[in-house]
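Mapping the sequence shown onto the working numbering, position 92 (from 1) lands on 103, and the numbers just tick up by one. For reference, the structure is listed below as structure tokens.
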Amino acid sequence: MGVCDKDGCDFNAYRMGARDHYGQGENFEVDSSKPMTVITQFITENETDEGDLVEIKRLYIQDGRVISHASSKVPGVPGNSITDDFCTAQKQAFRDPDDHLAKGGLKK
Numbered sequence: 012m013g014v015c016d017k018d019g020c021d022f023n024a025y026r027m028g029a030r031d032h033y034g035q036g037e038n039f040e041v042d043s044s045k046p047m048t049v050i051t052q053f054i055t056e057n058e059t060d061e062g063d064l065v066e067i068k069r070l071y072i073q074d075g076r077v078i079s080h081a082s083s084k085v086p087g088v089p090g091n092s093i094t095d096d097f098c099t100a101q102k103q104a105f106r107d108p109d110d111h112l113a114k115g116g117l118k119k
């Protein structure tokens, strides 16, 4: 029921094959046992607050380092941010319904 994008489009580093990106301990690029700042950037096509959304980026700051979100290791799904192309490729790779595109993608 409803019109929301129920399956959504996400970027979970572990699901996308970067199993050493985020977790507790020194073996992870982002150590969840230490304080961090999480930054989410919403990028528009004209780089203003009025433009259409075209990309969502995630960054982490920990121990004075800026750490980009992990890159996908899933074949056919390149990238480390959410874009319409990333979402479409992810839906195809996991054989998920593409409600994201059907509802207008990031633009909506």
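We put the beta carbon where it would ideally sit given N, CA and C, even for glycine. Here the structure is a predicted model, which means the values were calculated and not measured.
{"Query": "Coil, strand or helix - residue 68 by DSSP", "Result": "strand"}
{"Query": "At least three beta-carbon pairs within less than 8 Å, the stretch 52-69 to the stretch 87-102", "Result": "yes"}
{"Query": "Short Cβ contact (7 Å threshold) for residue 27 with residue 77", "Result": "no"}
{"Query": "Counted within 10 angstroms of its Cβ, other Cβ atoms place residue 41 as buried (16 or more) or exposed", "Result": "buried"}
{"Query": "Buried/exposed call for residue 10, threshold 16 Cβ in 10 Å", "Result": "What is shown of the chain runs 12 to 119, which leaves residue 10 out entirely."}
{"Query": "Sub-7 Å separation of residue 99 and residue 117 beta-carbons", "Result": "no"}
{"Query": "Cut-off 8 Å between Cβ atoms - residues of its own chain near residue 62, not counting five sequence neighbours on either side", "Result": "55, 56"}
{"Query": "Beta-carbon gap between residue 35 and residue 43 smaller than 7 Å", "Result": "yes"}
{"Query": "C-alpha gap between residue 32 and residue 83, whole angstroms", "Result": "11 Å"}
{"Query": "Sub-7 Å separation of residue 25 and residue 47 beta-carbons", "Result": "no"}
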